[in-house]
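In what follows, a single structure is set out as structure tokens and then discussed.
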Amino acid sequence: MGSRLFISIALISFSALSAANDFGADSQAAFLSADQAFVADIWMDGEQATVAWQIAPGYYLYGHALAFELDGAILQASIPAGEPYRDEHFGDVSIYRDQLFVALPPEAARGTLTVHYQGCADAGLCYPPTQRSFTLPPP
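Using this note's numbering, the letters of the sequence shown correspond one by one to residues 1228 to 1366.
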């Protein structure tokens, strides 16, 4: 009797643990990494540098988190109008879905460009602020 009870409890515990591990793996796998959700790249057209993001479906970038530096100095960029969004943490903000193109001023044609950004998944995961650096002109 005692060994049957022990085996029953062990099987129930193992099943519950297995289900919990499966759930955890599925919920983690459901979210992309920041680099997969927000693919940042840069291209040059003559002396004009443009930063482009491809934003995965179900994800968005915050407009207020976009910042640009050239060789460590703040760079003013003309950021297009975004989609109005009511955020539970930041209030009324602009967001970008699908893709975003930001043309940089001519002085950004040479040097090290660092872009700062932050985004979230519609399903509730928000990523920490991220930065990516590019050498201009690109090779």
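Quick reminder that beta carbons are idealized off the backbone N, C-alpha and C, glycines included.
{"Check": "Where glutamate 1334 falls: helix, strand or coil (DSSP)", "Outcome": "helix"}
{"Check": "Where the alpha helix (DSSP H) containing glutamine 1263 begins and where it ends", "Outcome": "1261-1264"}
{"Check": "Exposure of isoleucine 1301, with buried meaning 16 or more beta-carbon neighbours within 10 Å", "Outcome": "exposed"}
{"Check": "Enclosing beta strand (DSSP E) for proline 1311 [first to last residue]", "Outcome": "1310-1314"}
{"Check": "Three-state secondary structure assigned by DSSP to aspartate 1298", "Outcome": "coil"}
{"Check": "Cβ-Cβ distance between glutamine 1303 and proline 1332 below 8 Å", "Outcome": "yes"}
{"Check": "Top-ranked residue by Cα proximity to alanine 1276, from Arg1337, Gly1290, Pro1356", "Outcome": "Arg1337"}
{"Check": "Run of the beta strand (DSSP E) containing glycine 1351, from where it starts to where it stops", "Outcome": "Where glycine 1351 is concerned, there is no enclosing beta strand (DSSP E), given that its DSSP letter is neither H nor E."}
{"Check": "Cutoff 8 Å; reference aspartate 1253; Cβ partners in own chain excluding five residues on either side", "Outcome": "Residue placement at aspartate 1253 is poorly supported in this model, since its pLDDT is 46, which falls under 50; the coordinates still yield a value, given next. If we look at aspartate 1253 and ignore the five residues flanking it on each side, it has no Cβ neighbours."}
{"Check": "Beta strand (DSSP E) segment containing alanine 1279, residue limits", "Outcome": "1275-1282"}
{"Check": "Glutamine 1345, buried or exposed, once every other Cβ within 10 Å from all chains shown has been counted against 16", "Outcome": "buried"}
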